[in-house]
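Worksheet for the structure shown next.
See the structure below:
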């Protein structure tokens, strides 16, 4: 199973220990939820939010997804604090895995973009979430 072999190779190269997997995150303030694939301590000591993909490339929406996860973790004051965000791609064709490390600037832009997306969604959505600050800002 090439996929499992590549996962094992990535784990051996990058991971000191897994801290959590399939972490359900909720941002009650902004009204969304998701599931983080893993949180791990890297060999360099940093705590990393890891998102796994089996796609044929890295796509812009991955940054938005990871940024949303990080905002949700931060809103819940998750400990230990996340120090890096990485997207790890394991191609279905069995080729070598790739790791995309998002910079702080990219994550900042991703958080802003995701918040803008939520504003647009709530502006056009037929339902309104009670006590949501975005809803209050848009609808008063």
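In our numbering, the protein residues as written are 504 to 643.
Cβ coordinates follow ideal geometry from the N, Cα and C atoms, glycine included.
Treat the numbers as computed from the prediction; the structure is a model and nothing was measured.
Where residue i sits in the DSSP three-state scheme
i, result
"residue 601", "strand"
"residue 543", "strand"
"residue 561", "coil"
"residue 664", "The first residue shown for the chain is 504 and the last is 643, placing residue 664 beyond what the model contains."
"residue 535", "strand"
"residue 610", "helix"
"residue 527", "strand"
"residue 512", "helix"
"residue 628", "coil"
"residue 579", "coil"
"residue 587", "strand"
C-beta atoms of residue i and residue j nearer than 8 angstroms
i, j, result
"residue 538", "residue 529", "no"
"residue 571", "residue 625", "no"
"residue 605", "residue 567", "no"
"residue 542", "residue 533", "no"
"residue 544", "residue 579", "no"
Nonlocal neighbours in the same chain, by C-beta distance under 8 angstroms from residue i, ignoring five residues either side
i, result
"residue 510", "593, 600"
"residue 623", "none"
"residue 512", "600"
"residue 602", "513, 517, 589, 590, 591, 592"
Where residue i falls, given that 16 or more other Cβ within 10 Å makes a residue buried
i, result
"residue 562", "exposed"
"residue 575", "buried"
"residue 547", "exposed"
"residue 556", "buried"
"residue 554", "buried"
Close Cβ partners of residue i (< 7 angstroms) along its chain, the five nearest in sequence each way excluded
i, result
"residue 610", "570, 573, 588"
"residue 559", "594"
6 angstroms CB neighbourhood of residue i in its chain, flanking five on each side removed
i, result
"residue 506", "593"
"residue 549", "586, 587"
"residue 565", "590"
> Taking contact to mean at least 3 C-beta pairs separated by less than 8 angstroms, is the region 571 to 586 in contact with the region 594 to 603?
Replying inline: no
>> Would the region 512 to 524 count as touching the region 610 to 629 if we require 3 or more Cβ pairs under 8 angstroms?
In response: no
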